[in-house]
Amino acid sequence: MGLALIGISLLPLRAGAQVSESEIQTLRLEGTPIGALPPMPLAMPASRNNNYWGARLQSGRRQGGDGEALDAIAVGIDFQYRGGSVFGLTAGYQKRDCDVLGPDCGGHAMYGARSRLNLITGGGLSIPLIFGEGGATTTIGADLGFGYAPNVAPGVTACTADMGIQFSLAGLQRTRFITYVTPGVMWDTKCSSGDPAPVTSYFTGFGIGLQQVRSRSVDIYIGLQKIFRDDTGYRLGVSVIYLRLP
Amino acid sequence: MKRPVSRSLSATVCAVAVAGLLSCVPQQVIGKVEPADIETSLFLIGDAGEPDPRESGAALDSMSAQAATAPARSIIVFLGDNVYPAGIPRDSSVEFADARRRLEVQVNAVPAGVRGIFLPGNHDWARAGPSGLEAVRLQERLIATLRGTRDIRMVPGNGCPGPFNLDVGRLRLIGLDTQWWLHGYIVRDSASRCSSDPGAVTAALRAQIAQKQDGRITVVAGHHPLMTGGQHGGYCGLTGPFRRFGGTNQDIMSSANRRMRDSLESAFMVQPPLVYAAGHEHNLQALKGTPATQYLLVSGAGSEAKAACGVRLRESYYVSQYRSGFMRLDIMKKKGVLLSVFQYAGNRRHPSYRRWLELR
Chain A
1 MGLALIGISL LPLRAGAQVS ESEIQTLRLE GTPIGALPPM PLAMPASRNN
51 NYWGARLQSG RRQGGDGEAL DAIAVGIDFQ YRGGSVFGLT AGYQKRDCDV
101 LGPDCGGHAM YGARSRLNLI TGGGLSIPLI FGEGGATTTI GADLGFGYAP
151 NVAPGVTACT ADMGIQFSLA GLQRTRFITY VTPGVMWDTK CSSGDPAPVT
201 SYFTGFGIGL QQVRSRSVDI YIGLQKIFRD DTGYRLGVSV IYLRLP
Chain B
247 MKRPVSRSLS ATVCAVAVAG LLSCVPQQVI GKVEPADIET SLFLIGDAGE
297 PDPRESGAAL DSMSAQAATA PARSIIVFLG DNVYPAGIPR DSSVEFADAR
347 RRLEVQVNAV PAGVRGIFLP GNHDWARAGP SGLEAVRLQE RLIATLRGTR
397 DIRMVPGNGC PGPFNLDVGR LRLIGLDTQW WLHGYIVRDS ASRCSSDPGA
447 VTAALRAQIA QKQDGRITVV AGHHPLMTGG QHGGYCGLTG PFRRFGGTNQ
497 DIMSSANRRM RDSLESAFMV QPPLVYAAGH EHNLQALKGT PATQYLLVSG
547 AGSEAKAACG VRLRESYYVS QYRSGFMRLD IMKKKGVLLS VFQYAGNRRH
597 PSYRRWLELR
């Protein structure tokens, strides 16, 4: 019965051909912020005396794999609690995969919520000290996110959950240079009737960035992410964050 | 249909270029400062209470040498934790001889003609223990014994919270005993000649801060920092996540510490001092101030054996970790205050950091 429903719902997707269950799962994975936008590191630590609000602009592009390049753009708002962990909301728009869905396929909205938990900052893992950088900082954290995107394909709603760890090294005294790795696991879940079953996927993000650019409050990151599934290609993008200092 | 990767790459290159351009903010150029242009030099060193038994250490030696070049205009402030691990015990104690040695090294680092000021820290209050009040008084007496004819003293004195006030030229130096606010045991007895009411202490501090004078430069010094990227701020090491949710009252997130900080900052608001200087963290941090203070300095790297981690915060101008060192404020005769940070690894001196402090 379920398979029949899937078949009916997917018939109009591509002229003369059905979209496979695997392709739907890939679209779900790549249609929410975790799959559509570039990875980011944990926020730069700040004073414990204050909470901070930040605005975020992100753009990402899926390249490679079997489908077309998928461009995405999003805005977000971040709340950094006591200079450490960050809780953020994201809203964006992604172009649909016209190679899969047919010409004039348009795009879809996407939404996400993410907590980036700062666990350990600094300490014995300040590896760049070896190179004489006295202001180097190591950060280890955890990531937990949820994503939702209606109509990633006609009649298909994407829901994802993900969790991962964060590891970053930052150095230099003024504008900070940061490198980061964000391995994790994600699930594209079944959030409308008739959708294919949930699938677990693994991913790793990597990026570099500059923190405290200009007025000490702008951060810029360039991230690359690979989801370890067939036909997913890789995700490359840029994130710019403005954080308001009290 | 696949599109060429070149579009992504060109977008990335553009983003990097824009970021690079944005980061090219002009930096302060600080030329040579003529000694004749300096009105007062204030040396800030904290947590120096664990000197090596065989040598005094590069930070103390270097600071002493710098102060000795112009003793009449130099003031050295020891920012607390002058004797590890638990301050000065009674002279009948087996620990007394070594505790005396630790203090003597610092007293001897104050050259003749230079004013020396010792502020108490939590370790001087018997490691924040029950005999803290006695320990801090014993230290005051021992400094009076060791100083000879030099102008060296422990303030606020007699286990009182302060504020202690010293005016030298345009400098107003206000000393506080911040451990008095946090101490969990007796802070007053029949020998005390000061208030035990935090409200009265705050009011006295507010009154001292509020006294206006043209060109006055106010520096407030205490042991505990108002902001920090060290272990007492929940950074540096595995205990960080726990210290962030309270920790002990020595940690910046604890309710007792927050009450103290709120009280001090409420007093500062009447006329924000240029600098609040502290120790407590075993690193060197120069931080952007708050509405209540213009600059926050943490200079607690007086003991090389204790030099520890320091995380650069978004508010930080400069951080030095795992190295000993001290800070120096030069109040210039015309205008301007120059901050210099000196850091050492072993006997090797690393490049110093300098910054003009802008007067609001």
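Protein sequence lines correspond, in order, to chains A and B.
Counted from 1, the first sequence has number 174 at position 174 by my numbering; the numbering is strictly sequential.
Basically my numbering = 1-based index in the second sequence + 246.
Think of the CB as a built atom: it goes at the ideal place given N, C-alpha and C, for glycine as much as any other residue.
Exposed or buried, what is A/S168 when buried is set at 16 or more other beta-carbons lying within 10 Å of its beta-carbon? buried
Going along the chain, which residues of its own chain have a beta-carbon closer than 8 Å to the beta-carbon of B/I577, five neighbours each way excluded? I284, E285, T286, S287, L288, G415, R416, L417, I463 and V583
Closest to B/V360 by C-alpha separation, out of B/S338, B/R346, B/F324 and B/D370, would be which residue? B/F324
Assigned exposure category for A/R62 - 16 Cβ within 10 Å defines buried: buried
Does DSSP put A/I24 in a helix, in a strand, or in coil? helix
Taking 8 Å as the CB-CB limit, is A/S47 close to chain B? yes
By the three-class DSSP mapping on this structure, what secondary structure does B/T448 have? helix
Given a threshold of 16 other Cβ atoms within 10 Å of its Cβ, counted over all protein chains shown, does A/D143 qualify as buried or as exposed? buried
Residue range of the alpha helix (DSSP H) that B/C488 falls in? Looking at the sequence shown, residue 488 of chain B is not Cys but Phe. Unbroken alpha helix (DSSP H) run through B/F488: G486 to R490.
Between A/G223 and A/G207, which are expected to be in contact by the criterion C-beta below 8 Å, what is the C-beta distance as a whole number of angstroms? 3 Å
Pick from B/E527, B/A547, B/V544 and B/L520: whose alpha carbon is nearest that of B/P537? B/L520
Determine the burial state of B/N593: buried for a count of at least 16 other Cβ atoms within 10 Å of its Cβ, exposed for fewer. exposed
Kindly indicate which three-state DSSP category A/T179 falls into: helix, strand or coil? strand
Shortest alpha-carbon distance to B/A311 belongs to which of B/A282, B/G394 and B/R574? B/R574
Rounded straight-line distance, which links the Cα of B/D497 to that of B/G475: 11 Å
Are the segment 152-159 of chain A and the segment 172-186 of chain A touching, with three or more C-beta to C-beta distances below 8 Å? no
For B/V340 and B/E296, what's the separation of their Cα atoms in angstroms? 17 Å
In chain B, which residues lie less than 7 Å from A/Q173 when you measure between Cβ atoms? Y564
Hey, how far is the Cα of B/N411 from the Cα of B/R452? 12 Å
I need the boundaries of the alpha helix (DSSP H) containing B/S509, first residue and last residue. S501 to F514
Would you give the residue range spanned by the alpha helix (DSSP H) that A/M44 belongs to? Looking at the DSSP string, A/M44 is not in any alpha helix (DSSP H), and its letter there is neither H nor E.
Return the CA-CA distance between A/S85 and A/N118, expressed in angstroms with no decimal places. 5 Å
Can you name the residues of chain B whose CB is closer than 7 Å to the CB of A/L119? P487
Own chain residues within Cβ distance below 6 Å of B/W427, not counting five before or after: M506
Taking only three categories from DSSP, how would you classify A/F228? coil
Cβ of A/G64 within 8 Å of Cβ of A/L243? no
Sequence-distant residues of the same chain with beta carbon closer than 8 Å to B/Q385, five excluded per side: N328, V329, G333, I334, L349, F364, P366, D370 and M400
Could you tell me how far apart the beta carbons of A/G83 and A/A136 are, in whole angstroms, since I believe they sit closer than 8 Å? Actually they are not in contact, since the Cβ atoms of A/G83 and A/A136 sit about 18 Å apart, beyond 8 Å.
Name the chain A residues whose beta carbon is nearer than 8 Å to that of B/C440? Simply none; closest approach about 28 Å.
State yes or no: is the beta carbon of B/Q567 nearer than 8 Å to at least one beta carbon in chain A? yes
I believe B/G430 touches B/A374 by the beta-carbon criterion, under 8 Å. Please report the beta-carbon distance rounded to the nearest angstrom. 7 Å
Cross-chain neighbours of A/G223 in chain B, by beta carbon under 9 Å: Those within 9 Å of A/G223 in chain B number zero; the least Cβ separation is about 10 Å.
Compare the beta carbon distance of B/Q459 and B/E527 with 8 Å and say whether it is the shorter of the two. no
Please report the straight-line C-alpha distance between B/K534 and A/L172, rounded to a whole angstrom. 17 Å
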